[in-house]
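Peer 1:
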Amino acid sequence: MQSEILETNPGADIAVYAVWVPFLGGSEDAIDVSVMSDERVQHLWDESAVTSDWFGSNAFDSGTGYDYFLIYGPDARWTQSDVPALTASGATIIGQSGELRGAVEELLAS
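Residue numbers are given in the working numbering: position 69 of the sequence shown equals residue 71, and the series is strictly consecutive.
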């Protein structure tokens, strides 16, 4: 994400939310912002893994999820009653890095 997308598109209007969860022994102290140090990345800590449970059930039908990406288009808006449609998603981030890069490049070209 950092080197293949953000660094190669420094002027792109992209917002990245890196949500860190307490899986595989992770703790808030283990967050490594150097992995994605671009100023467009917002690092968030989800101690209760609420995001993993919700997205795992609603985006992946897996119950709990981590190490995945979700891409929403520039017009996506979240409300109390409406969840925007995904443009692309996948897991794992490294395992599907080509799909991630392709989806972002397609959005940037539109």
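Every residue gets a Cβ at the ideal spot worked out from N, C-alpha and C, and that includes glycine.
The model shown is predicted, which means the values in this text are computed figures rather than measured ones.
Just to confirm my understanding: we take F71, look at its own chain, exclude 5 residues before and 5 after, and list those with CB closer than 7 Å. What are they?
Peer 2: Reading the sequence shown from its first residue, position 69 is the one you call residue 71. Cβ neighbours of F71 beyond the five flanking positions: S91, G92, I95, L102.
Peer 1: Is the Cβ-Cβ distance between Y68 and V106 less than 7 Å?
Peer 2: Numbered from its first residue, the sequence shown carries residue 68 at position 66. Numbered from its first residue, the sequence shown carries residue 106 at position 104. Not in contact: Y68 and V106 (Cβ atoms no closer than 7 Å).
Peer 1: So, is L8 buried or exposed, given that buried needs 16 or more other C-beta atoms within 10 angstroms?
Peer 2: The count along the sequence shown starts at 1 and reaches residue 8 at position 6. It is buried - the Cβ of L8 has at least 16 other Cβ atoms within 10 Å.
Peer 1: Within 10 angstroms of its Cβ, does S54 collect 16 or more other Cβ (buried), or is it exposed?
Peer 2: Here residue 54 is taken as the residue at index 52 of the sequence shown, counted from 1. Label assigned to S54: buried.
Peer 1: Between which two residues does the beta strand (DSSP E) holding V43 run?
Peer 2: Locating residue 43 in the sequence shown gives position 41, where the first residue counts as 1. V43 -> beta strand (DSSP E) spans 43-47.
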